[in-house]
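Before any comments, here is the structure.
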Amino acid sequence: MDSLLRRLREIGLGEYEAKLYVALVKHHPASGYELARASGVPSSKVYEVLARLREKELVFATDGGRATRYIPTDPDEFVERYARRMTGTLAGLKQELQALGDEDDVGYVWNVHGREALLERAVHLLGRAEQTVLVSAWDEELGALAAPIAAAHARGVRVAVIDYGALAVEANAVYPHPIKDTIAAEKGGRGVTLCVDSRVALLGLVADGGRPSGAWSSNHGFVAAVEDYLKHDIYVQKIVGRFHDLLVRTYGPNFARWRDVFADRVLPSAKPASSSKPRRSHPVAAAKPRRRDTRPERRSR
Numbered sequence: 304m305d306s307l308l309r310r311l312r313e314i315g316l317g318e319y320e321a322k323l324y325v326a327l328v329k330h331h332p333a334s335g336y337e338l339a340r341a342s343g344v345p346s347s348k349v350y351e352v353l354a355r356l357r358e359k360e361l362v363f364a365t366d367g368g369r370a371t372r373y374i375p376t377d378p379d380e381f382v383e384r385y386a387r388r389m390t391g392t393l394a395g396l397k398q399e400l401q402a403l404g405d406e407d408d409v410g411y412v413w414n415v416h417g418r419e420a421l422l423e424r425a426v427h428l429l430g431r432a433e434q435t436v437l438v439s440a441w442d443e444e445l446g447a448l449a450a451p452i453a454a455a456h457a458r459g460v461r462v463a464v465i466d467y468g469a470l471a472v473e474a475n476a477v478y479p480h481p482i483k484d485t486i487a488a489e490k491g492g493r494g495v496t497l498c499v500d501s502r503v504a505l506l507g508l509v510a511d512g513g514r515p516s517g518a519w520s521s522n523h524g525f526v527a528a529v530e531d532y533l534k535h536d537i538y539v540q541k542i543v544g545r546f547h548d549l550l551v552r553t554y555g556p557n558f559a560r561w562r563d564v565f566a567d568r569v570l571p572s573a574k575p576a577s578s579s580k581p582r583r584s585h586p587v588a589a590a591k592p593r594r595r596d597t598r599p600e601r602r603s604r
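Residue numbering for the sequence shown follows my numbering, starting at 304 and increasing by one per position.
Take a look at the structure:
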């Protein structure tokens with residue numbers, strides 16, 4: 304009962320209005336006196352509250368006998384009518400607020416605190432996807448995003464997923480990451496990265512023993528950096544998928560030497576490249592112009 308009254312208050316009914324409506328749904332038709340006893344609303348307030356409910360078309364009066372009796376609007380009709388009204392109101396509100404929005408807001412980077420808030424923002428962004436989605440996540444978080452990812456894919460959005468695990472996800476392409484445990488150890492947790500329509504992006508980290516945090520933005524530089532990161536990670540997964548054994552023989556388990564960005568080293572047993580030093584381009588010397596032969600042509604006899 305408490306949850307029902309709370310929900311009625313959340314949609315705009317006062318405390319006494321909610322109590323009277325619930326009492327009337329349970330027992331009707333009823334007089335004002337009967338409703339006061341059944342609802343706990345003071346008898347001095349009952350008719351004032353009933354008048355407000357009649358204005359909202361939640362209660363109707365019937366004339367029968369000596370006392371006016373009341374009946375409630377059918378609950379299904381009440382809920383459906385409220386839903387239609389609120390849908391129209393919210394749509395208009397959204398349109399008018401967007402018209403007031405400052406375009407400079409796209410420059411802000413918004414912080415996100417907590418795993419629930421991080422996933423909630425990701426779900427919201429996925430729900431607005433129209434053309435493309437790039438997402439990278441561990442199974443623990445990807446499971447919470449699987450449904451909105453599948454919904455985007457069903458709408459015709461092109462979806463690519465980098466999966467740090469083995470979760471089945473509906474997408475155009477899914478790239479399993481081969482060294483998820485190594486990456487998690489380096490990051491100190493599980494990452495969540497998302498780019499939608501090359502327009503908005505999200506970065507987050509569900510840290511081990513710490514509070515998950517992240518950021519999202521429509522800032523062009525922020526979005527470009529996140530999108531490039533995701534695309535290049537996909538490029539790498541394509542290479543790893545086709546040349547895994549060669550990479551292990553060249554760079555060792557977990558591709559340790561490959562991932563060392565401050566040195567270009569391979570295993571001693573790896574086949575050496577044609578040159579151990581990076582090649583440098585050299586300017587090509589310009590060809591000397593040929594000297595024109597001005598001698599008279601000799602005629603054959």
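Yeah, the Cβ is synthetic: ideal placement off N, Cα and C, and Gly gets one too.
Check this for me: beta carbons of residue i and residue j, under 8 Å apart or not?
| i | j | result |
| --- | --- | --- |
| VAL499 | ARG431 | yes |
| THR435 | ARG461 | yes |
| GLY391 | PRO515 | no |
| ALA455 | LEU437 | no |
| VAL503 | TRP519 | yes |
| ILE452 | ALA469 | no |
| GLU360 | THR376 | yes |
| GLY517 | VAL415 | yes |
| HIS341 | ALA333 | His is not the amino acid found at residue 341; the sequence shown has Ala there. Yes, they are a contact pair. |
| GLY410 | ASN557 | no |
Just the Cα atoms here: how many angstroms apart are residue i and residue j?
| i | j | result |
| --- | --- | --- |
| LEU323 | LEU353 | 8 Å |
| SER578 | ALA559 | Any reading at SER578 must be qualified, since the residue scores a pLDDT of 49, below 50, and its modelled position is unreliable; the value itself is stated next. In a straight line, the C-alpha of SER578 is about 21 Å away from that of ALA559. |
| ALA463 | GLN398 | 31 Å |
| TYR319 | ALA394 | 30 Å |
| LEU421 | VAL328 | 41 Å |
| ALA449 | GLY459 | 16 Å |
| VAL412 | GLY524 | 11 Å |
| ARG312 | GLY512 | 39 Å |
| VAL526 | PHE546 | 30 Å |
| LEU400 | ARG309 | 28 Å |
| VAL472 | ALA425 | 16 Å |
| ARG388 | ILE314 | 11 Å |
| ALA386 | GLU433 | 26 Å |
| PRO479 | GLY544 | 9 Å |
| LEU356 | LEU403 | 35 Å |
| HIS427 | LEU396 | 18 Å |
| PHE565 | TYR467 | 25 Å |
| ASP379 | GLU423 | 30 Å |
Considering only the alpha carbon of each residue, which of the options lies closest to residue i?
| i | options | result |
| --- | --- | --- |
| GLY335 | THR365, GLU318, TYR373, GLU320 | TYR373 |
| ALA440 | PRO332, ILE486, THR371, LEU400 | ILE486 |
| VAL539 | GLY494, HIS330, PRO481 | PRO481 |
| GLU419 | ALA386, ASP305, ALA453, ALA447 | ALA447 |
| GLY317 | HIS330, ARG340, LYS348, GLU337 | LYS348 |
| PHE381 | VAL362, LYS490, LEU533 | VAL362 |
| THR365 | HIS331, SER572, GLU383 | HIS331 |
| ALA326 | LEU549, ALA386, VAL344 | VAL344 |
| THR553 | ARG562, VAL564, LEU570, ALA425 | LEU570 |
| TYR532 | LEU506, ALA488, ASP548, ALA476 | LEU506 |
| GLY492 | GLY544, GLU444, ARG568, HIS427 | GLU444 |
| ALA476 | ARG387, ALA573, LYS534 | LYS534 |
| ASP442 | HIS427, ASP484, ALA457 | ASP484 |
| THR371 | PRO378, LEU396, GLU383, LEU338 | LEU338 |
Am I right that residue i and residue j are in contact with their C-beta atoms under 8 Å? What's the rounded C-beta distance?
| i | j | result |
| --- | --- | --- |
| ILE465 | ILE537 | 6 Å |
| TRP561 | LEU550 | 7 Å |
Quickly, what does DSSP pair residue i with across the bridge? List them, please.
| i | result |
| --- | --- |
| PRO375 | VAL362 |
| THR435 | ARG461 |
| LEU393 | BP columns for LEU393 are empty, so no partner. |
| LEU506 | THR496, ALA518 |
| ASN557 | BP columns for ASN557 are empty, so no partner. |
| ASN414 | ALA518 |
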